[in-house]
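Undergrad: So the sequences go chain by chain: A and B.
Mind the numbering: the first sequence is residues 1 to 313 in my numbering, read in order.
Mind the numbering: the second sequence is residues 1001 to 1218 in my numbering, read in order.
Here it is: the structure, laid out below.
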Amino acid sequence: MTERFIECGAQLFLLLALAPLVTGAIRTLKARLQTRRGPGIIQPYKDIFKLFRKGMVIPETASWIFAATPWVVFFSTILAGLMIPMVAADAPLGLFGGALAVIYLLGLGRFFLALSGLDTGGSFGGLGSSREMTISALAEPAMMLAIFTVAIGAGSTGLTEIAGAAIGQTWRFLAPAQMFAFAALALVLIAETGRIPVDNPATHLELTMIHEAMILEYSGPYLALVEWAASIKQLVLMTLLINCFWPVGLQPTWFGFGALIGIGWLLAKLLLLSCAIVLLETVNAKMRLFRVPELLAVAFTLGSLALVSTFLF
Amino acid sequence: MQFGERIVTLMAALVLVLQIAVVAQRWIVTHIRIFAIQSFFLAMIAATIAWFNHAPHIYAAAGLTLVVKVILVPIFLERLVVRMDIREEIKPIVNVPLSVVISGGLTLLGYLVAESFHKPDEPGLGHNELAVAISLFLIGFFTMINRRKALTQVLALLSLENGLFLAAISLTYGMPLIVELGILFDVLVAAMVLGILVYRIRETFESMDVSRLRRLRG
């Protein structure tokens, strides 16, 4: 029992500490690829600490949703993060939920974020909320189909079982079902984390914003919580992608020397995925908004093909 | 043999993904290049089958596909596009997300049809590649109906022919070499005749839109 608490605490610490690092790494890699120097890898940490010390300005027309959303988003994302296998194949809260719980917890956070965008009464918030809901309405089925594909292969929707089933079979990744599911989930990762073909995370033009438009009215500690939660969501989705399909280096438990090896493998895999994301961001331009459903339709078709392939291939 | 089958199944899956990507394309040049990559993978599939089954006559089919469909036809078509100065996007009749989902449905249909060919005890590649081939065929047909301009319709016809090639390779280790030669020569000549015809159509009607050809009536 106490081991569970320690595991939870360790994974919680890892989630909180690693998320801004991943964001900073992606920004730095992108800057280097564009022959800039970038703001530095630890800049997101500095931003979060700065925001916690600042004062807040809350619109008068905002209701309790505006105040509740940062907490809901933060805690639901952390809860989802505790249910995925990061270092050990055994997720700390794995008994409480599997793949579906993760998807729905992230969906809960997104729901509240969209509501808070509408809550302030500003037009940009409503714009961001409607765009975010359009994209997620198309991306979630694709994500679910891809997750169900790996779940069928593992015989359960528990992420521990999914990661465990893929350990030890090196050629498994080359099966068409796994490849289609990986491609679908990668496209959904780009849509959900708001990366360049879908949404520019560094834009300052409100008309092009999707995620930032929803959080435009937040400031101070609330903004720190929401931004931290966004980085944690990115880390959760990236870890989900790499550990469902390539669980090399997943240790049996958190305890012992193996945990350090597991953390090392996790960092290496995250670095690899970050490089891929940065390459994709640098090579592509942001898609026009009415083209995003086309990309997500391809993701959806790939996901359904993946699901069908497990039966027919 | 197990390894060879896996590699071939992997490449067949890639070919299928490329075909679905073609349905979502808006630029003709990208369409041509994806067709070239798809034909390259088909040639690789043929070469892998020839390697693992010690059937050297398939190398000839693979080589012919490589020369004609990966190099000659795409270069010719790209030159045609440059010469005709085509700058517009491909505007399909059914919008892109729906046509992508329809292609997914057609793939499912192809899988179901190929199931009835599945004989686990028979040696040979099995029904995976046949499923992909039938899906390529169906999606090629659908893409051909879905396009307005003659050039894009013929590109879809070419990918349909790719599906035929894959079906032949997967069922019977290729057709007789004479038939292969005939088909590939057909493809080359079709592309060239298209080049001349499309130019003429554009000159006469100021557009490649084939629905304009009906104005000859009345």
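The C-beta atom is built at its ideal place from N, Cα and C for all residues, glycine as well.
Residues of chain B with a CB under 9 angstroms from the CB of residue 308/A: which are they?
TA: Stepping through the first sequence from its first residue, residue 308/A is reached at position 308. Residues of chain B passing the Cβ test: 1104, 1107, 1108, 1111.
Undergrad: Short of 6 angstroms in beta carbon distance, which residues of its chain neighbour residue 1169/B, apart from the five on each side in sequence? Order them along the chain.
TA: Numbered from 1 along the second sequence, position 169 holds the residue referred to as residue 1169/B. Hits under 6 angstroms: 1046.
Undergrad: Strictly under 8 angstroms for the Cβ-Cβ distance: is residue 1097/B near chain A by that measure?
TA: Mapped onto the second sequence, residue 1097/B falls at position 97. Cβ-Cβ to chain A under 8 angstroms: yes for residue 1097/B.
Undergrad: Do residue 217/A and residue 59/A come within 8 angstroms of each other at the CB atom, strictly closer than that value?
TA: Residue mapping note: residue 59/A aligns to position 59 of the first sequence, counting from 1. Residue mapping note: residue 217/A aligns to position 217 of the first sequence, counting from 1. If you check the CB distance, residue 59/A and residue 217/A come in under 8 angstroms.
Undergrad: Pair every Cβ in the segment 223-234 of chain A with every Cβ in the segment 48-67 of chain A, then say whether three or more of these pairs are closer than 8 angstroms.
TA: yes
Undergrad: Suppose only complete runs of 4+ residues qualify. What are the alpha helix (DSSP H) ranges in the segment 1055-1097 of chain B, listed by chain order?
TA: 1057-1065, 1073-1084
Undergrad: May I have the straight-line CA-CA distance separating residue 1028/B from residue 1090/B, to the nearest angstrom?
TA: Taking the second sequence and counting its residues from 1, the one referred to as residue 1028/B is at position 28. Taking the second sequence and counting its residues from 1, the one referred to as residue 1090/B is at position 90. Between residue 1028/B and residue 1090/B, the C-alpha separation is close to 7 angstroms.
Undergrad: In three-state DSSP terms, what is residue 1209/B?
TA: The residue labelled residue 1209/B in the question sits at position 209 within the second sequence. Correct three-state label for residue 1209/B: strand.
Undergrad: Just reading off the alpha helix (DSSP H) that residue 219/A is part of, what are its end residues?
TA: Looking up residue 219/A in the first sequence gives position 219. The continuous stretches of alpha helix (DSSP H) do not include residue 219/A, and DSSP gives it neither H nor E.
Undergrad: For a contact defined as C-beta to C-beta under 9 angstroms, what are the partners of residue 1010/B on chain A?
TA: As a working note, residue 1010/B is residue 10 in the second sequence. Those are 174, 175, 176, 179, listed as they occur along chain A.
Undergrad: Anything in chain B within Cβ reach of residue 294/A, meaning under 8 angstroms, just list it in chain order.
TA: Translated into the one-based positions of the first sequence, residue 294/A becomes position 294. Within 8 angstroms Cβ-Cβ: 1024, 1096, 1097, 1100.
Undergrad: Between the C-alpha atoms of residue 1197/B and residue 1064/B, what's the straight-line distance to the nearest angstrom?
TA: In the second sequence, the residue the question calls residue 1197/B occupies position 197. In the second sequence, the residue the question calls residue 1064/B occupies position 64. If I take the Cα positions, the gap works out to 26 angstroms.
Undergrad: Name the chain A residues that come within less than 9 angstroms of residue 1145/B, Cβ to Cβ?
TA: Within the second sequence, residue 1145/B is the residue found at index 145, counting from 1. Result: empty, since nearest Cβ-Cβ is about 18 angstroms, beyond 9 angstroms.
Undergrad: Over the uninterrupted alpha helix (DSSP H) stretch that includes residue 254/A, give me the two end residues.
TA: Here residue 254/A refers to the residue found at position 254 when the first sequence is read from its first residue. Careful: residue 254/A lies outside any alpha helix (DSSP H) and carries neither H nor E.
Undergrad: Going by CA-CA distance only, name the one from 99/A, 22/A, 4/A that's closest to residue 152/A.
TA: Taking the first sequence and counting its residues from 1, one reaches residue 152/A at position 152. The shortest Cα separation from residue 152/A among 99/A, 22/A, 4/A belongs to 99/A.
Undergrad: Listing by chain order, which chain B residues have their CB less than 7 angstroms from the CB of residue 304/A?
TA: If you number the first sequence from 1, residue 304/A lands on position 304. Within chain B, the residues near residue 304/A are 1104.
Undergrad: Looking at the strands, I want to know which residues DSSP matches up with residue 1149/B.
TA: If you number the second sequence from 1, residue 1149/B lands on position 149. Residue 1149/B pairs with 1209/B.
Undergrad: Is residue 1023/B near residue 1103/B, with beta carbons less than 8 angstroms apart?
TA: The residue given as residue 1023/B occupies position 23 in the second sequence. The residue given as residue 1103/B occupies position 103 in the second sequence. Contact: yes.
Undergrad: Got a sec? Which residues, its chain only, sit under 8 angstroms from residue 261/A by beta carbon, not counting five neighbours each side?
TA: Your numbering for residue 261/A matches position 261 in the first sequence. Contacts found: 249, 251.
Undergrad: For a contact meaning CB atoms closer than 7 angstroms, what does residue 276/A contact in chain B?
TA: Translated into the one-based positions of the first sequence, residue 276/A becomes position 276. None at all; the shortest Cβ gap to chain B is about 17 angstroms.
Undergrad: Out of 253/A, 11/A, 14/A, 20/A, which one is the CA nearest neighbour of residue 230/A?
TA: Your numbering for residue 230/A matches position 230 in the first sequence. Comparing Cα-Cα distances from residue 230/A to each of 253/A, 11/A, 14/A, 20/A, the minimum goes to 20/A.
Undergrad: What residue from 1077/B, 1209/B, 1179/B, 1020/B has the CA that sits closest to residue 1098/B's CA?
TA: In the second sequence, residue 1098/B corresponds to position 98, counting from 1. When only C-alpha atoms are compared, the closest one is 1020/B.
Undergrad: Report the rounded CA-to-CA distance for residue 1080/B versus residue 1210/B, giving the unit in angstroms.
TA: Translated into the one-based positions of the second sequence, residue 1080/B becomes position 80. Translated into the one-based positions of the second sequence, residue 1210/B becomes position 210. Roughly 18 angstroms between the two C-alpha positions.
Undergrad: Quick check on residue 95/A: buried or exposed, where buried means 16 or more other Cβ atoms within 10 Å of its Cβ?
TA: To locate residue 95/A, count along the first sequence from 1; it is residue 95. Exposed: under 16 other Cβ atoms inside 10 Å.
Undergrad: Under the DSSP definition of a beta bridge, which residues are partnered with residue 88/A?
TA: Here residue 88/A corresponds to residue number 88 of the first sequence, with the count starting at 1. 251/A, per the DSSP bridge assignment.
Undergrad: So, is the C-beta of residue 148/A closer than 8 angstroms to a C-beta in chain B?
TA: Reading the first sequence from its first residue, position 148 is the one you call residue 148/A. Residue 148/A does not count as touching chain B.
Undergrad: What residue range does the alpha helix (DSSP H) around residue 36/A cover?
TA: Against the first sequence, residue 36/A aligns to sequence position 36. Premise fails: residue 36/A is in no alpha helix (DSSP H) and is neither H nor E.
Undergrad: Quick one: grab the DSSP three-state call for residue 203/A.
TA: Position 203 of the first sequence, counted from the first residue, corresponds to residue 203/A. Looking at residue 203/A - three-state DSSP - the assignment turns out to be coil, as it is neither helix nor strand.
Undergrad: Who are the near neighbours of residue 147/A in its chain, counting only those whose CB is closer than 6 angstroms to its CB and skipping five residues on each side?
TA: As a first step, residue 147/A must be located in the first sequence, where it is residue number 147. Same-chain partners within the cutoff: 99.
Undergrad: Which same chain residues end up closer than 6 angstroms to residue 303/A when comparing Cβ atoms and leaving out the 5 residues on each side of it in sequence?
TA: Within the first sequence, numbered from 1, the residue matching residue 303/A stands at position 303. Closer than 6 angstroms at Cβ, skipping near neighbours: 142, 145, 146, 184.
Undergrad: State yes or no: is the C-beta of residue 131/A within less than 8 angstroms of the C-beta of residue 210/A?
TA: The residue you call residue 131/A lines up with position 131 of the first sequence. The residue you call residue 210/A lines up with position 210 of the first sequence. A contact, by the Cβ cut-off of 8 angstroms.
Undergrad: So residue 35/A and residue 89/A are supposed to be a Cβ contact under 8 angstroms. How far apart are they, rounded?
TA: The residue you call residue 35/A lines up with position 35 of the first sequence. The residue you call residue 89/A lines up with position 89 of the first sequence. So it is not a contact: roughly 41 angstroms between Cβ atoms.
Undergrad: Are the Cβ atoms of residue 1129/B and residue 1012/B separated by less than 8 angstroms?
TA: The residue labelled residue 1129/B in the question sits at position 129 within the second sequence. The residue labelled residue 1012/B in the question sits at position 12 within the second sequence. A contact, by the Cβ cut-off of 8 angstroms.
Undergrad: Which residue wins for smallest C-alpha separation from residue 1152/B, given the options 1014/B, 1164/B, 1034/B?
TA: In the second sequence, the residue the question calls residue 1152/B occupies position 152. Selected option, being the one with the closest Cα: 1034/B.
Undergrad: For chain B, is any of its Cβ atoms less than 8 angstroms away from the one on residue 318/A?
TA: Residue 318/A lies beyond the stretch modelled for chain A, which goes from 1 to 313, so this question has no answer here.
Undergrad: Give a yes or no on whether the C-beta atoms belonging to residue 200/A and residue 269/A are separated by under 8 angstroms.
TA: Position 200 of the first sequence, counting from 1, holds the residue named residue 200/A. Position 269 of the first sequence, counting from 1, holds the residue named residue 269/A. Going by C-beta atoms, residue 200/A is not nearer than 8 angstroms to residue 269/A.
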